[in-house]
Structure formats: C-alpha cells, structure tokens
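Counting from 1, position 256 in the sequence shown corresponds to residue 256 in this note's numbering; the numbering is continuous, with no gaps.
Glycine included, each C-beta is placed from N, C-alpha and C at the ideal position.
Since we're looking at a predicted model, the values are computed, not measured.
Report on the following structure.
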Amino acid sequence: MGDVTKLAPPKDLSDDERRNVFEHIFRRLAGHRHTADSFALLEQFASSASPEHAERTRNNYVKEIDAWAGSVLEAAWAACGEPGGGKCPKWDPLSDSSTHGLAPLPSIASLEKTINMVLFAHITSTKRYSAHTRAFLSTFCTPDEDNIVKTLRNPDDSMRDAEKRVKDEQERYAQRNSIMRKAGIGLGAVAGGVLVGVTGGLAAPLVGAGFSAIFGALGIGGTAVGLLATGLASSGVVCGALFGAYGARSTATMVERHTREIRDLAVKPVHEPRESLALRLCVSGWLSDANDVTAPWTIFEGDDTFALQWEVQALTDVSNGLFALVKSQAMQYVRAEIIKRTILASLMSALSPIAWLKIGRVFDNSWMNARQYALKTGAVLADLLAQRAFGERPITLTGYSLGALVIFEALRILAQRPPSETAHLVQDVYLMGAPIPPTEASWSAVRRLVAGRLVNAYGSNDYVLAVLCRVSDQTWSVAGIGPVNVKGVENVEVAGVDGHLKWRGMVGEALLACNAPGVNKVEVERQRELAEKLAHELDMSEEDAEKALEKGLPEDEPREDASAERTPEKAAATPASSASPKSSGSPGSPGRSGTPYAVYQPKRKPAPTP
C-alpha cells in the first residue's frame with residue numbers, strides 16, 4: 001500500500017522558496033533540452049543519410065523533446081504551488097540554463113517531496129515514465145519510485161490510509177486545541193507550522209471524504225489536486241502502460257516470432273521481478289555454461305533486472321574457442337610480446353603479414369558465427385523495445401563483448417525509427433569490451449537515442465579482442481580497446497582487463513568504475529573469486545613469456561574449431577585468414593547485411609524435408 005502523504009509537496013516552504021525550486025527545475029530542464037539538441041545536431045552532421053533526411057530527424061527529435069519538457073514543466077509548476085500565479089512559463093531555445101545566482105535548493109527532505117509529486121503527476125498525466133524524465137529528475141535526488149508504484153497499484157487503499165491519517169491528525173489537533181483553550185493559549189501561538197506532522201502539514205479539518213478534501217488537508221491545492229485525483233482515478237490504465245506485457249502470453253508470442261532467426265531466445269529474470277518503475281536488461285557475451293546467461297548480473301539490486309538469452313550453443317562455442325585460442329602457441333607468443341612491449345598498439349603495428357597469417361590459422365569460426373548472430377539478435381531486441389515489450393518505463397542496457405554488440409546494434413536500428421517512437425525508451429547504456437568500430441556516425445546516432453549516460457568501458461591491453469577484430473574485420477580499432485571520441489560518450493578504462501576472457505569475472509568491478517547505480521558490492525566481492533580464478537588460469541609469468549618468445553610463432557599450428565557441432569554451411573564459412581574485403585566489407589563500412597560493420601554471414605542448414 002502506498003503512502004499518498006509522501007506525494008504531498010512540503011508545507012514548510014515559503015512562496016519564495018517554492019518559486020526558487022521551480023526556477024531551478026526550469027533552468028536545468030532548459031539545459032537538458034539544449035544538451036539533447038546538441039547530440040541531435042552532432043548526429044545530423046555525422047550522418048550518411050541525405051541532408052534533408054538528417055535535418056528532418058533532428059527537427060522531429062527536438063520537437064519530441066520540447067513536448068516532453070513542457071509536460072514536465074507543467075507538473076513542476078503544479079508541485080511548486082503555481083508560484084506567482086497565472087500560467088506556467090514557457091521557454092524558447094534561448095532560455096537561460098544556468099543556475100548561477102539562484103538561491104540554494106531547500107533541504108533534501110523538502111526537495112524529495114517536491115520531486116516525488118512532479119514524478120507522480122507527470123507519469124499519471126502522460127501514461128508513461130520517460131527515460132528523459134528519470135535521467136533529469138535524478139539530477140536533483142532519488143525519487144521514491146517504490147511508493148509511487150504501490151500507490152498506483154492500490155489507489156483505494158492508499159486513499160483510505162490517507163483519509164485515516166488526516167482524521168487522526170485532525171483529532172490530535174482538536175485535542176491540543178481544547179487543551180490550549182483551557183490553558184488560555186491563543187491559536188496564534190501555534191502558527192508557523194508547529195503542528196506539521198507526518199501528513200505534510202495539516203491545519204484544516206476535513207470537509208468530506210473526496211479527493212479534494214483529503215488532498216486539501218494534505219496541503220495540496222490548485223492544479224495539483226486535479227492532476228493527482230486524475231492520476232489515481234486512472235491508475236489501472238497507467239499501470240497497464242507502465243509495466244507492459246512482459247511475462248504475459250502476448251510477450252511470449254512476440255518473442256517466439258523471432259525464434260526462426262535466433263535460437264534459444266528468451267528473457268530471463270535475474271532476481272524475482274517486483275515491477276519497479278524502471279528496469280535493466282543485461283546481455284552476456286559468451287557462455288561457459290547455461291548459468292552464465294544470468295550469473296554475471298546478480299551484482300545488481302533495486303530495479304527489476306532481466307537477462308537476454310540468445311544462441312546458447314553459439315555462445316558456448318565462443319567460450320570454448322576463446323580458451324583454445326589463448327592457449328595456442330601463436331597467442332602465447334602475442335601475449336609474451338605484450339608483456340615485453342607493454343603497449344598493445346606497438347605490437348599490433350609491428351606484426352608482419354606473415355605473422356597475422358600464422359595467427360589466423362588457429363582462429364576458428366565460432367567468433368564470426370556468434371558475431372553475426374549478435375547482429376541478428378540486436379535487430380530482434382530493437383523490435384521488442386520498439387513494441388514496448390517491457391512497458392512504458394525507462395530501461396538501462398548493459399552488456400559485455402558480443403552482448404555489447406547486441407545492444408549497440410539494437411540501438412543503431414532504433415535510431416533509424418521516428419523519434420516519436422524511440423526518444424523515451426533508453427535511460428543508460430553500459431558497454432564493456434565492445435567489438436564495435438568507433439565510427440562517429442553510428443555512435444552519435446546512438447548517443448542521441450540514450451536519455452542518460454552512454455558509457456564505453458574498455459581494456460587498453462585486451463590483446464585477445466585486438467586479435468579477434470584484426471583477423472575477422474581487418475581492424476583492431478574498436479571501442480573495447482580504447483576510447484570512443486564522440487561527444488557525450490563516457491570512456492572508462494578498466495584496469496586488469498588484459499585479455500578478453502577476463503571480462504566475465506570483472507563485470508561488477510567495471511560497473512563500479514563506471515559509477516553505475518544499483519551495484520551490490522557484496523556480490524561484486526563474490527564475483528572477484530571468479531576473476532581471480534580466471535587470472536590464475538590465463539595470466540603469464542615473465543618466465544613463461546620468455547619461453548613463448550623463444551618458441552616464436554608456429555610454423556603450422558592446427559586450427560581448433562570449437563563450433564564443429566553446429567556451424568553454418570561451408571559455402572558461407574570463409575576462414576578469417578582468407579576473407580577478402582569484397583566479401584566481408586571494409587572496417588567501418590557496410591557489409592552485406594547493410595550494417596556499418598565488416599561482418600561474417602553464416603547460413604542455417606536447411607530443415608530436412610519429410
């Protein structure tokens with residue numbers, strides 16, 4: 001049961017203080033709008049689309065953001081008691097976004113109550129929780145989303161509880177008034193909020209049991225009463241929109257439509273879902289066993305957290321193939337050279353074409369197969385997000401390795417849809433060890449789509465990813481190895497990732513380094529045990545490095561194919577060492593799939609005829 005009294009604006013703020021809070025919201029909202037426009041402008045200049053199409057996309061996006069910001073401002077105007085009276089102020093593209101010179105904000109307790117009411121009024125009036133709303137309001141404080149959910153789920157119980165609190169406070173007030181009259185103390189002696197209690201400030205008796213009477217007793221008046229009353233009355237519709245169809249038969253059917261393209265596709269809860277106002281979706285990059293679909297993400301707490309299961313066999317093949325690869329003589333030599341040179345870039349530049357040819361001989365098809373499936377899964381995820389499978393609530397996307405590629409591809413495809421369909425979907429994105437070229441066009445489009453943070457976590461000495469991308473895509477310049485120099489992308493170097501397989505045990509460490517919210521440090525400590533185990537298995541001592549250098553590159557090391565049990569047709573399975581730029585696409589340019597990546601194109605074996 002929710003507590004409606006926590007949605008009441010603070011009674012102890014003066015008119016000047018409420019006006020100051022509104023002015024802070026107004027100016028910060030203008031700043032958020034200007035920043036969003038700057039990302040859209042960057043995308044427009046970097047876009048490969050026609051100038052007319054790029055300009056139209058930007059204009060439509062800015063129009064959508066302006067409409068959203070206007071609705072937030074209306075809710076803030078009501079929550080702040082319509083300071084100064086009249087109509088809610090409007091802004092234009094030149095509105096001041098600086099808070100310099102404004103008085104400080106009130107106490108966090110008073111601010112939280114104001115922001116809670118802004119959020120409740122905005123959600124119930126728009127029937128959605130925009131990712132921009134959460135990203136923006138979180139700059140002030142952490143709204144009480146749990147209480148809002150409980151209030152929306154049980155509006156009748158919440159109102160009965162509020163009415164009871166009002167009556168209890170009225171009775172206490174009447175008793176105190178009687179005692180004070182007997183003692184000869186006038187009512188003027190208790191003016192100024194002395195009797196303000198848990199209900200947010202009760203001084204007037206109840207006139208009735210209706211919305212207006214209860215809200216009025218809670219200190220809510222004016223437009224705010226209508227907003228809250230309408231919101232509670234339509235709570236069933238609001239909840240249906242917010243939480244979507246996930247877990248229902250309709251979403252199961254939605255997912256099943258794509259299983260011909262992607263096997264084992266499913267959305268798995270990491271923890272028991274509790275229908276929070278926001279959620280996370282996490283995507284693993286390879287699987288040592290089936291538990292790795294959800295196991296890396298148990299470090300999260302708070303918001304509902306789900307994991308995307310996709311191509312279990314292909315990702316198991318990747319895991320086996322990567323372990324076989326790092327133990328090969330060729331990769332042992334590369335690892336030893338890195339220990340000697342300390343700088344990955346110098347080694348990548350120094351290796352001769354013959355050396356790359358020898359490394360390619362031990363490079364199996366599992367990575368390229370799974371990479372192509374990742375692109376297809378990204379298209380499926382884009383479709384699920386666009387259809388609001390998880391509801392009208394903000395989603396945070398997190399993934400490592402090929403899981404990061406799934407997420408990025410989904411966002412790239414979503415960015416091609418009309419802004420009215422996509423502007424409010426994604427709050428934050430965390431990509432770790434991403435095998436994605438740092439091209440300005442694709443990253444700026446994704447940056448425009450993300451309302452909050454777009455974080456690229458990389459390991460500058462991830463020699464395994466460098467080799468994988470160099471052999472498969474003819475480039476080692478990828479986001480998982482270095483910063484992405486695009487405005488609005490946050491780059492975080494994660495120490496200790498000197499081999500791609502280490503990402504599995506360092507998800508929690510990386511997210512802490514990124515200051516991601518909702519990370520459970522106790523679970524991160526447990527995850528460190530796996531990281532230490534992997535380090536013990538994968539690290540190389542200086543003595544081992546010297547031995548590997550003495551052996552040098554192999555003359556002819558047999559290639560181990562970890563995906564032998566399930567591979568695409570041989571006609572499409574061109575080995576990485578012999579792939580031509582014509583068939584795979586050059587780095588950063590469209591391949592045969594139309595994506596801005598050089599991709600390998602696997603094909604399913606045809607189903608046997610009866």
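Here the alpha carbon of Ser71 sits roughly 47 Å from the alpha carbon of Asp498. It is roughly 23 Å from the alpha-carbon of Gln416 to the alpha-carbon of Arg280.
Phe45 is classed as exposed because its beta carbon has fewer than 16 other beta carbons within 10 Å across all chains shown. DSSP, read as helix, strand or coil, puts Val455 in strand. Between Val21 and Pro106, the C-beta gap is smaller than 8 Å, which places the two residues in contact. In terms of Cα proximity to Cys282, the closest of Asn320, His100 and Phe306 is Phe306. Closest by C-alpha distance to Tyr373, out of Leu425, Leu397, Gln387 and Val318, is Val318. In this chain, Tyr373 is not harboured by any beta strand (DSSP E); it is covered by the alpha helix (DSSP H) spanning Ser366 to Ala386. For Tyr400, the enclosing beta strand (DSSP E) stretches over residues Ile395 to Tyr400.
Annotation for Arg280: the continuous beta strand (DSSP E) segment containing it runs Leu279 to Val283. Bounds of the beta strand (DSSP E) holding Val267 are Ala266 to Pro269. Rounded to the nearest whole angstrom, the CA to CA distance from Ser460 to Ala79 is 48 Å. DSSP, reduced to helix, strand and coil, places Met117 within a helical segment of the structure shown. Across the set Leu277, Ala30 and Ala445, the C-alpha of Leu277 shows the shortest separation from the C-alpha of Ile123.
Annotation: Gln416 is outside any beta strand (DSSP E) and is labelled neither H nor E by DSSP.
When DSSP reads this structure, Met432 sits in a beta bridge with Tyr400 and Ala457. Looking only at Leu315, Arg134, Ala451 and Ser328, the smallest Cα-Cα distance to Ser288 is reached by Leu315. Judged by DSSP secondary structure, Asp144 falls outside any beta strand (DSSP E); it is assigned neither H nor E.
Spanning the alpha carbons of Asn147 and Asp3 requires a straight line of approximately 6 Å. The Cβ atoms of Ala434 and Gly480 lie closer than 8 Å to each other. A contact is defined here as three or more CB-CB pairs under 8 Å, and the stretch 463 to 470 fails this definition with respect to the stretch 404 to 419.
Judged by DSSP secondary structure, Asp304 falls outside any alpha helix (DSSP H) and instead within the beta strand (DSSP E) spanning Asp304 to Gln309.
With respect to the 8 Å criterion, Thr377 and Glu311 are classified as neighbours on the basis of their beta carbons.
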